[in-house]
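Letter 84 of the sequence shown, counting from 1, is numbered 83 in numbering that gives the first Met the number 0, and no numbers are missing.
Structure first, then comments.
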Amino acid sequence: MVTMDEYIEQLLAEMPDSALRNVVKNILDEPIPEAVKRRLLKPLQPRKYRPIPPPRKAKARKRKAIQEEFDPIPSHKVLRSVEDYQNELLGLFEEPEELAFRQTPWALGSFLRGWQMDVPQGHPQGADPRTFLDSVEPQIREKLEEELEALGGGLKFQLALKVELVKANLDGSEEFMEPILRHKQEAVLQKNEIKAALEEAFPRLLEILEKWTQRGSGWVVVQVRTLWLDIARYQPLRGGSYIPLPPELKSKKAVVNVKNMDDHCLRWALRSALFQAAKDPHRPAKYPTADGLDFTGIDAPTPISQIGKVEHQNDLAINVFGWDKGVIVHRLSKQPEEEVRINLLLVEKAGKFHYTWIKNLNRLFYDQSKHREKKYFCERCLHGYKREDLLEAHRPECKGIGQTAVRVEMPQEGKLTFQNHHKQLPAPYVIYADFEALTTKVEGPELDPTKSNTQRTQHHEACSYCYVVVRCDGKTEAPAEYRGPNAAEHFLRALQVEERGIQKVLAKPQAMRMTNADWESHRTASRCHVCDGLLKGDSVKDHCHITGKYRGAAHSACNLKLRLSPKTTTIPVVFHNLRQPLADAGDIQGGGADELHPQQHREVHILLPGAAALHR
0 MVTMDEYIEQ
10 LLAEMPDSAL
20 RNVVKNILDE
30 PIPEAVKRRL
40 LKPLQPRKYR
50 PIPPPRKAKA
60 RKRKAIQEEF
70 DPIPSHKVLR
80 SVEDYQNELL
90 GLFEEPEELA
100 FRQTPWALGS
110 FLRGWQMDVP
120 QGHPQGADPR
130 TFLDSVEPQI
140 REKLEEELEA
150 LGGGLKFQLA
160 LKVELVKANL
170 DGSEEFMEPI
180 LRHKQEAVLQ
190 KNEIKAALEE
200 AFPRLLEILE
210 KWTQRGSGWV
220 VVQVRTLWLD
230 IARYQPLRGG
240 SYIPLPPELK
250 SKKAVVNVKN
260 MDDHCLRWAL
270 RSALFQAAKD
280 PHRPAKYPTA
290 DGLDFTGIDA
300 PTPISQIGKV
310 EHQNDLAINV
320 FGWDKGVIVH
330 RLSKQPEEEV
340 RINLLLVEKA
350 GKFHYTWIKN
360 LNRLFYDQSK
370 HREKKYFCER
380 CLHGYKREDL
390 LEAHRPECKG
400 IGQTAVRVEM
410 PQEGKLTFQN
420 HHKQLPAPYV
430 IYADFEALTT
440 KVEGPELDPT
450 KSNTQRTQHH
460 EACSYCYVVV
470 RCDGKTEAPA
480 EYRGPNAAEH
490 FLRALQVEER
500 GIQKVLAKPQ
510 AMRMTNADWE
520 SHRTASRCHV
530 CDGLLKGDSV
540 KDHCHITGKY
550 RGAAHSACNL
560 KLRLSPKTTT
570 IPVVFHNLRQ
580 PLADAGDIQG
590 GGADELHPQQ
600 HREVHILLPG
610 AAALHR
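Right, dumping it as structure tokens:
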């Protein structure tokens, strides 16, 4: 800031000497104003006394300021600053809401229960279905364990997944869909079976989802919306204590029914088959308790679903039949023929079941047909035969043994040969292109009247593109770029220009250039490099018409088939994630998009044969 005195000195310094003398003279000649005269003549007043602080206190204040500047910050202040910073970060990045099951209102007590897990919009766990299922597997397993205890027995469960899908249409709109994917029910009898059941259920759900997003459907997963877990009580058929046989079965004398008083009727039925008693076979005392059977991990009473485990642990093959005014099949063993085969009959009375051993299968099945002579029945198809040799001849056929697998029989070597060798040549030129589009919101989205679940929310408008032309030997030109309006139409016009340029190149084949190694290879060649046939004095030099490189010795006829015609040679145009922008540009002169056939593919090929017809 300039003081008044400094300003006057500066002003005087800039003024000429003559002007300065005139100003000074005028000032000195003027009389002193009265106001100034009174101020000058007024006596001076003493100022108010303000004592200066002692030097010691001033030094103390300065020492304290220096100490606060250079001493370390107290720990409590540091912790408070760190906590404030952490709270600020947590405010910027809030932790996502924890997903949890809630019981659906349509659950029916202990018979049927439903659980639902809703995924909020934008939740990170719902972005990928596979990751979502893996993350919620512990919660599903915990819920199934709780239901097993609550139901006091087995259960069947089914998972249903509601997924939001989106597909871009050719008119620029987006179509949304929220299908509900379900897999077939899985049965669980014990807690240790839950993990295996979920390992079966998850891949089935993901396989169903892949059918929506693969095979050119165009659907893309946006987010998982809802997961349902439906649970029902499962009461499988299982054996129990002794049940008397119905009169029609007892009269056949084809079944051994052991009078056991415990729930191990399956084990008693197997004992009666393995240790056959000549007298009183219905008495448990006729059979040894040390039977050598391994029933580790087998429930008592035993459900049919665990008989496969009994087979593997004891090297047995067990078929299970039922009776309801006739024989019905519950289970047929898949064990090999070498195993001991045992046929069991599961009888029922008042909701209870009991395993028995079928001693004579032919007697039990005798009433299956009206033929009253002795019959021999197949335990797989229940078909009867008059003679045992006919049954033995039938069994391999019934089991599919010796049947010839369905295979494609190719003709004998040398009968058919490949002729279209020109289709094995790589494309002389390939165009790789990519579009960029702007998305604009659709004003007033309305439901599609033909598809109630379709809602247009955005429109994709092509705003720029870039493409590069690649020659068959890998050489490229400078990429072509465009940014501006009508990008799709401009792109098709650019393709027409590229096509005409490529046709000119194809119309003037390059001269062949051969090295010494090429000459030696041609001189010693004995087979055509095109058809692999023997050369019989009609060999010619085959070369690439684009690069001029020598390819090999060939028959004259084979060489002529490899000619490139400017009008028929195909020019592939390869896109990645191409959408609809080319469909709106079909009014180009020369038919640039007249034959555009859009298809949904992950990678799109647009072929430009001759007249620039596009096939997407």
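Glycine is no exception: its CB is placed at the ideal position from the N, C-alpha and C atoms.
Taking DSSP as the reference, what is the three-state secondary structure of residue i?
| i | result |
| --- | --- |
| Gly591 | Reliability fails at Gly591, whose pLDDT of 44 lies under 50, so the model's placement of it is uncertain and the value that follows must be treated cautiously. Gly591: coil per DSSP, three-state reduction. |
| Ala126 | coil |
| Pro300 | coil |
| Ala195 | helix |
| Asp583 | Caution applies to Asp583, whose pLDDT of 46 falls short of 50 and renders its modelled position unreliable; the model cannot decide the point. |
| Lys548 | strand |
| Leu107 | Low confidence applies to Leu107: its pLDDT is 44, below 50, so where it sits in the model is not reliable, and the reading given next is rough at best. If DSSP states are grouped into helix, strand and coil, Leu107 belongs with the strands. |
| Ser250 | coil |
| Glu141 | helix |
| His600 | Because His600 sits at a pLDDT of 39, beneath the cut-off of 50, its placement in the model cannot be relied upon, and the point is left open. |
| Asp531 | coil |
| His182 | coil |
| Gly307 | helix |
| Ala510 | coil |
| Leu628 | What is shown of the chain runs 0 to 615, which leaves residue 628 out entirely. |
| Ile242 | coil |
| Val135 | helix |
| Tyr286 | coil |
| Arg101 | strand |
| Arg526 | strand |
| Ser451 | With a pLDDT of only 49 at Ser451, under the threshold of 50, the placement of this residue in the model should not be trusted; the figure read from the coordinates follows. In this structure, Ser451 counts as coil in the three-state DSSP scheme. |
| Ala516 | helix |
Assuming contact is defined by CB atoms lying nearer than 7 Å, are residue i and residue j in contact in what I supplied?
| i | j | result |
| --- | --- | --- |
| Tyr428 | Arg470 | yes |
| Val326 | Phe364 | yes |
| Leu226 | Met116 | yes |
| Gln157 | Gln189 | no |
| Phe100 | Lys155 | no |
| Gly321 | Leu292 | no |
| Lys166 | Glu174 | yes |
| Ser240 | Val257 | no |
| Ala426 | Pro571 | yes |
| Lys374 | Gly383 | yes |
Any heavy atom of the ligand GTP closer than 6 Å to the beta-carbon of residue i?
| i | result |
| --- | --- |
| Thr569 | Among the components of this structure there are no ligands whatsoever, and the ligand GTP is therefore not found. |
Do you know whose CA, among the options, lies nearest residue i's CA?
| i | options | result |
| --- | --- | --- |
| Gln418 | Lys308, Ile430, Lys278, Cys530 | Cys530 |
| Ala556 | Gly536, His263, Trp218 | Gly536 |
| Lys278 | Val255, Asn313, Thr288, Lys210 | Val255 |
| Glu177 | Ala195, Gly113, His521, Arg224 | Arg224 |
| Asp619 | Glu97, Asn361, Lys348, Gln334 | With the chain covering only 0 through 615, there is no way to say anything about residue 619. |
| Lys440 | Ile357, Ile430, Ala253, His458 | His458 |
| Gly121 | Val135, Leu150, Glu163 | Glu163 |
| Val539 | Cys527, Ile545, Thr546 | Cys527 |
| Ala268 | Val309, His489, Leu424 | Val309 |
| Phe294 | Gln305, Tyr286, Pro287, Lys285 | Gln305 |
| Leu204 | Lys194, Leu180, Gly217 | Leu180 |
| Glu460 | Glu247, Val468, Asp314, Ala486 | Ala486 |
| His542 | Gly532, Pro410, Met513, Pro280 | Met513 |
| Trp518 | Glu497, Ala186, Asp127, Ala552 | Ala552 |
Would you list the residues sitting across from residue i in a DSSP beta bridge?
| i | result |
| --- | --- |
| Thr439 | His458 |
| Glu173 | Ala167 |
| Leu265 | In DSSP, Leu265 forms no bridge with anything. |
| Asn318 | Asn342 |
| Thr475 | Val469 |
| Gly153 | Tyr233 |
| Ser463 | Glu435, Arg482 |
| Ala553 | Val539 |
| Tyr375 | Tyr384 |
| Ile430 | Val468, Val572 |
In terms of residues, what are the limits of the beta strand (DSSP E) holding residue i?
| i | result |
| --- | --- |
| Thr225 | 219-233 |
| Glu347 | 339-348 |
| Phe352 | 351-357 |
| Gly113 | 111-117 |
| Ala186 | 185-187 |
| Ser538 | 538-542 |
| Ile327 | 326-330 |
In terms of residue numbering, what span does the alpha helix (DSSP H) encompassing residue i cover?
| i | result |
| --- | --- |
| Leu505 | 486-506 |
| Pro395 | 387-397 |
| Leu360 | 360-363 |
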